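Participant: Converting from the sequence shown to our numbering requires adding 7 to each position, the first position being numbered 1.
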Amino acid sequence: MYVQGTRAKATVTGNATFPVNKGGLCVKGWTSTATLAHPDRLLAPLIRNTAGEFVEATWDEALERCAAAFQEVQERHGINAVGVFGGGSLTNEKAYLLGKFARVALRTSHIDYNGRFCMSSAAAAAQKAFGLDRGLPFPVADIARTDVLLLLGSNIAETMPPMMQYIEAQRANGGKLIVTDPRYTPTARAASLHLALTPGSDAVLANGLLHILIRDGLLDHSYILERTEGFERVRAMAAAYWPGRVEQLTGVPESQLSEAAHLLGTATSAMILSARGVEQQSQGVNNTLAYINLALALGLVGRPYSGYGSLTGQGNGQGGREHGQKADQLPGYRSINDFAARSHIAQVWNIAESDLPGPGKSAYEMLDQIGTNDGIHALFVMGSNIVVSAPRAQHIQQRLQSLETLVVADFFLSETAQMADIVLPITQWAEEEGTMTNLEGRVLLRQRAFDPPPGVRSDMHLLCDLASRLGKGQFFNYRQEGMAEEVFAELCRASAGGIADYSGMTYEKIRAGVFWPCPSLDHPGTPRLFQQSFPTPTGKARFHAIRHQQPAETIDSEYPLYLTTGRVLSQYQSGTQTRRIEQLCANMPAAQVEMHPGVAQRYNLTTGDQVILATRRGSATFAVKVTPDIREDTIFAPFHWSGKQSINRLTHPALDPISRMPEFKICAVRIVLPGALQEEEEV
Ligand SMILES: Nc1nc2c(c(=O)[nH]1)N[C@H]1C(S)=C(S)[C@@H](COP(=O)(O)OP(=O)(O)OC[C@H]3O[C@@H](n4cnc5c(=O)[nH]c(N)nc54)[C@H](O)[C@@H]3O)O[C@H]1N2
Ligand SMILES: Nc1nc2c(c(=O)[nH]1)N[C@H]1C(S)=C(S)[C@@H](COP(=O)(O)OP(=O)(O)OC[C@H]3O[C@@H](n4cnc5c(=O)[nH]c(N)nc54)[C@H](O)[C@@H]3O)O[C@H]1N2
Ligand SMILES: [Mo]
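So this is what it looks like as structure tokens:
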């Protein structure tokens, strides 16, 4: 998109020649300039005084205070007592520099980021099955050409509206769309077949579809033989998922199971795309692997207009997971446990391999252990609003209160920044340069359109300044102008030989369009993966036999409904940005809970009534929206609001054993009637 005007009066226009969105933006894109000169914008660092109030400070004072606090905590509690929390909205350069800052300037193992709450299950599953995780192994435009598209727990009509044009084109070309979702969403409305499964029964459904494909002889046996390994155990496992049992466990009628399996099994090309509905569960990795099994058994992966992919969430949800802001990861999508990778990165960073810390704790675990003996005592947050977006939010808020020092870099006083001891005001998207990598693995250059207001600094500048106050300035010695490009060049060197290899990229080349891996300057980049082989030791993709498990919490007489959470069109994430934009708030001013008319009738509720929702972890207040577009055993609430409207007060922090993804999508809830308000615990 293009930005015009002045910072105070900026507007955006789409770029019709851009191959991904063809100029289409969603309502949040069109209104995005409203944050640039917003009256709430932070324009000076804030320090909490002894009376507990924020006072404005100079950058020198604020950064000196940060450095002193981090050093003091490390002296008293050990080097690992400072944690760093990053985000998928950071550019590649920031994400890379934040990882380097944690490991080289602070020398802590503890760095993780909000992508742990977002992409970690899909990422772990793709790595296990294919040896590589890139959201889509093909350009989005391929979606329009596929014969059958299976969309899993994804509501792109509201979460990625510009992508709907490819689905519309696919349908216009005669293609079929199947959607799995407990809700009949605007996306499900576009489908030929909607499978309204019970929350958390995704792996059962996948195994059930595979059972029918095996029974009816619809598999691609030569593909299975030549390009995969481990199918026999999966075949044996699928035998236990006969249609009657699957109908019982998923609530999806046998006739629909059979229709879906036959659509997929007889298609000339097919794609299976997953999103947070299947992934944000304590079984998120297994759910995803169960669908990858389907894609492999049908011979889809690496074939034209076919394959498996995951629809990446945040602006830099892809790049944010490649450059080393994850607890177990180094730049280039390398493992921090791999000696060769450690040696390579240590050499690029000019430190000894033995000085590079090992893996740290995952996002929720790091936050959960704040204040404990060997836990975190100072936290540096850059690009996340965890008070609103982490599961079991009130517990996390209490943990944050027990920190000795909380430092937050943000451009607004988010709910997390409100709890900080030091707040660092930063530049916004249109005021800084940097790259992002989209779900296709395409690297995009975001150019600076305006000068930032006086008083703010970029994340990268403040990291370098802070590093030098920590006595590590020589490792962060970049030029002041054009810093992003210089950091990018270093990132490229660090990624050389890794999975996400950027070493052949330059800003010049990105302007023309390039996809990773791009291992040398004369390499054109790789829009399509897996066409010949997989980057596993044998070159083959791996099946995984998946036995489904129950969610961490199931419904009972005390908590009789499933609660699932997610997004609405006009709000974004923790709401820091979108709750400050008038037009978006006019569209969607407050949190609503969607419930089936049957549920509403049982509790004598109508649209607009206020109810309290309560789980074993907490309660919150919502306006009722009665709709037939949801299962009768399930209610849905978005997570974009805070305080009494915060649904994450209720969510379950059970973690997937492999990805450490929290179970945002399922827990057991009860509705508390307005009359019973006083009896309920404080909300
Ligand atoms: N408007 C808007 N757009 C956004 C965002 C935003 O905050 N607002 N955030 C961005 C980000 S970071 C992300 S990660 C993406 C997320 O994009 P999506 O994954 O599309 O969004 P969600 O609403 O989290 O979940 C998708 C669907 O999963 C369904 N679901 C719930 N439980 C289950 C289940 O057990 N099984 C299945 N199969 N489905 C289930 C929900 O009903 C929901 O419709 O959106 C991005 N786009
Ligand atoms: N119940 C429930 N909870 C969820 C989810 C769900 O589906 N249900 N989804 C999860 C998912 S997928 C995600 S991605 C998370 C998202 O939740 P968060 O991690 O809270 O994401 P944001 O709201 O985007 O928070 C980003 C913060 O960083 C600031 N910011 C933006 N850009 C920059 C930057 O470049 N630098 C700095 N320093 N700050 C910046 C913003 O102003 C904002 O305050 O929520 C997770 N939580
Ligand atoms: Mo996300």
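Yeah, the Cβ is synthetic: ideal placement off N, Cα and C, and Gly gets one too.
Keep in mind the model is a prediction, meaning the values are calculated, not measured.
#1: Entirely within the region 537-618 and at least 3 residues each: give me those beta strand (DSSP E) ranges in chain order.
#2: For residue 48, which of 15, 418, 562 has the nearest alpha-carbon?
#3: Counting only beta-carbon separations shorter than 8 Å, does residue 487 have a partner in chain D?
#4: Does DSSP classify residue 319 as helix, strand or coil?
#5: So the beta strand (DSSP E) residue 11 belongs to, where does it begin and stop?
#6: Below 6 Å CB to CB, which residues in the same chain sit around residue 621 once its five sequence neighbours on both sides are set aside?
#7: How many angstroms separate the CA atom of residue 638 from the CA atom of residue 191?
#8: Excluding the five sequence neighbours on either side, which residues of its own chain have a C-beta within less than 7 Å of the C-beta of residue 45, listed in chain order?
#9: What does DSSP give as the partner residues of residue 281 in its beta bridges?
#10: Straight-line CA distance for residue 353 to residue 359?
#11: Does the beta-carbon of residue 575 have 16 or more other beta-carbons within 10 angstroms, so that it is buried, or is it exposed?
#12: Sort 341, 235, 514, 160 by Cα distance to residue 546 and report the nearest one.
#13: Have a look at 514, 393, 117 and flag the residue whose alpha-carbon is nearest the alpha-carbon of residue 444.
#14: Could you tell me if residue 578 is buried or exposed, where buried requires 16 or more neighbouring beta carbons within 10 angstroms of its beta carbon?
#15: Look at the alpha carbon of residue 72 and the alpha carbon of residue 87, and state the distance between them as a whole number of angstroms.
#16: Short check: CB of residue 395 to CB of residue 95, under 8 Å?
#17: Residue 551 and residue 136: beta carbons closer than 8 Å?
#18: Nearer than 7 Å: is that true of the beta carbon of residue 635 relative to any heavy atom of ligand 1?
#19: Would you mind stating whether residue 599 and residue 630 have Cβ atoms separated by less than 8 Å?
#20: Output needed for residue 527: all residues of its chain with C-beta closer than 6 Å, excluding positions within five of it in sequence on either side, in chain order.
#21: Does any heavy atom of ligand 1 sit closer than 7 Å to the C-beta of residue 317?
#22: Would you check if the region 485-503 and the region 419-432 touch, i.e. whether three or more CB-CB distances between them fall below 8 Å?
#23: Grab me the residues of residue 690's own chain with a C-beta within less than 7 Å of its C-beta, minus the 5 sequence neighbours each way, in chain order.
#24: Are the region 292-309 and the region 207-224 in contact at 8 Å, needing three or more beta carbon pairs?
#25: For ligand 2, is there a heavy atom less than 7 Å away from the beta-carbon of residue 276?
#26: Do residue 658 and residue 283 have their C-beta atoms within less than 8 Å of each other?
#27: Out of 99, 257, 442, state which residue places its alpha-carbon closest to the alpha-carbon of residue 206.
#28: Whose C-beta lies closer than 6 Å to the C-beta of residue 41 among residues of the same chain, with five residues either side of it excluded?
#29: Is residue 419 a contact residue of ligand 1, with contact defined as CB to any heavy atom under 7 Å?
#30: Please report the straight-line C-alpha distance between residue 632 and residue 240, rounded to a whole angstrom.
#31: Tell me, which residues are paired with residue 675 by DSSP?
#32: Leaving out five residues on either side along the sequence, give the residues of the same chain with a beta carbon under 8 Å from the beta carbon of residue 56.
#33: Express the C-alpha separation of residue 231 and residue 238 in angstroms, rounding to a whole number.
#34: When you compare each of 562, 541, 448, 460 to residue 520 by their alpha carbons, which one comes out closest?
#35: Please report the distance separating the alpha-carbon of residue 533 from that of residue 595.
#36: By a C-beta neighbour count over all protein chains shown, 10 Å radius and 16 as the cutoff for buried, is residue 75 buried or exposed?
Facilitator: In short:
#1: 568-573, 599-602
#2: Residue numbering aside, residue 48 sits at position 41 when the sequence shown is read from its first letter. Among 15, 418, 562, the Cα nearest to that of residue 48 is on 418.
#3: Although the question refers to chain D, the structure presented lacks it and comprises just one protein chain.
#4: Residue 319 sits at position 312 when you count from the first residue of the sequence shown. The answer is coil: DSSP assigns residue 319 none of H, G, I, E or B.
#5: What you label residue 11 is simply residue 4 of the sequence shown in a count that begins at 1. Its beta strand (DSSP E) spans residues 9-12.
#6: Within the sequence shown, residue 621 is the residue found at index 614, counting from 1. The beta carbon of residue 621 lies closer than 6 Å to those of 677, 679 in the same chain, with the five residues before and after it left out.
#7: Within the sequence shown, the letter at position 631 stands for residue 638. Within the sequence shown, the letter at position 184 stands for residue 191. C-alpha separation (whole angstroms): 8 Å.
#8: On the sequence shown, position 38 is the one that residue 45 refers to. Contacts found: 587.
#9: Indexing the sequence shown from 1 puts residue 281 at position 274. DSSP output for residue 281 lists 159, 317 as bridge partner(s).
#10: Taking the sequence shown and counting its residues from 1, one reaches residue 353 at position 346. Taking the sequence shown and counting its residues from 1, one reaches residue 359 at position 352. So the alpha carbons of these two residues sit roughly 6 Å apart.
#11: Position 568 of the sequence shown, counted from the start, is the residue given in the question as residue 575. Under this definition residue 575 is a buried residue.
#12: Taking the sequence shown and counting its residues from 1, the one referred to as residue 546 is at position 539. Minimum Cα distance to residue 546 is reached at 235.
#13: Numbered from 1 along the sequence shown, position 437 holds the residue referred to as residue 444. Cα-wise, what sits closest to residue 444 is 514.
#14: In the sequence shown, counting from the first residue as 1, residue 578 sits at position 571. Result: buried.
#15: The residue you call residue 72 lines up with position 65 of the sequence shown. The residue you call residue 87 lines up with position 80 of the sequence shown. Computed Cα separation, rounded: 19 Å.
#16: Taking the first residue of the sequence shown as 1, we reach residue 395 at position 388. Taking the first residue of the sequence shown as 1, we reach residue 95 at position 88. In terms of Cβ geometry, residue 395 and residue 95 do not form a close pair [threshold 8 Å].
#17: In the sequence shown, counting from the first residue as 1, residue 551 sits at position 544. In the sequence shown, counting from the first residue as 1, residue 136 sits at position 129. Yes, the Cβ-Cβ distance between residue 551 and residue 136 is below 8 Å.
#18: Position 628 of the sequence shown, counting from 1, holds the residue named residue 635. Not under cutoff, so the answer is no.
#19: Here residue 599 corresponds to residue number 592 of the sequence shown, with the count starting at 1. Here residue 630 corresponds to residue number 623 of the sequence shown, with the count starting at 1. Contact: yes.
#20: Along the sequence shown, read from residue 1 onward, the residue named residue 527 stands at position 520. So the qualifying residues of the chain are 511.
#21: Position 310 of the sequence shown, counted from the start, is the residue given in the question as residue 317. No, the Cβ of residue 317 stays beyond 7 Å of every heavy atom of ligand 1.
#22: no
#23: Residue numbering aside, residue 690 sits at position 683 when the sequence shown is read from its first letter. Note that residue 690 scores a pLDDT of 46, beneath 50, so its modelled location is shaky; the value from the coordinates is reported in the next line. Around residue 690: 619, 626, 627, 628, 651.
#24: yes
#25: Looking up residue 276 in the sequence shown gives position 269. Answer for residue 276: no, Cβ out of range of ligand 2.
#26: One-based indexing of the sequence shown puts residue 658 at position 651. One-based indexing of the sequence shown puts residue 283 at position 276. Taking 8 Å as the Cβ cut-off, residue 658 and residue 283 do not qualify as a contacting pair.
#27: Mapped onto the sequence shown, residue 206 falls at position 199. When only C-alpha atoms are compared, the closest one is 257.
#28: For the purposes of this step, residue 41 is taken as the residue at position 34 of the sequence shown. The answer, listed in chain order, is 588.
#29: Numbered from its first residue, the sequence shown carries residue 419 at position 412. No, ligand 1 has no heavy atom inside 7 Å of this Cβ.
#30: Start at 1 with the first residue of the sequence shown, and residue 632 comes out as number 625. Start at 1 with the first residue of the sequence shown, and residue 240 comes out as number 233. Distance between the alpha carbons of residue 632 and residue 240 is about 45 Å.
#31: Here residue 675 corresponds to residue number 668 of the sequence shown, with the count starting at 1. The partner list for residue 675 (beta bridge, DSSP) reads 569.
#32: Numbered from its first residue, the sequence shown carries residue 56 at position 49. Within the same chain, residue 56 has close Cβ partners 62.
#33: Walking along the sequence shown from the start, residue 238 turns up at place 231. Walking along the sequence shown from the start, residue 231 turns up at place 224. Using only the alpha carbons, I get a separation of about 7 Å.
#34: Position 513 of the sequence shown, counted from the first residue, corresponds to residue 520. When only C-alpha atoms are compared, the closest one is 448.
#35: As a first step, residue 533 must be located in the sequence shown, where it is residue number 526. As a first step, residue 595 must be located in the sequence shown, where it is residue number 588. If you take the alpha carbons of residue 533 and residue 595, they lie about 40 Å apart.
#36: Start at 1 with the first residue of the sequence shown, and residue 75 comes out as number 68. Its Cβ having fewer than 16 others within 10 Å, residue 75 is exposed.
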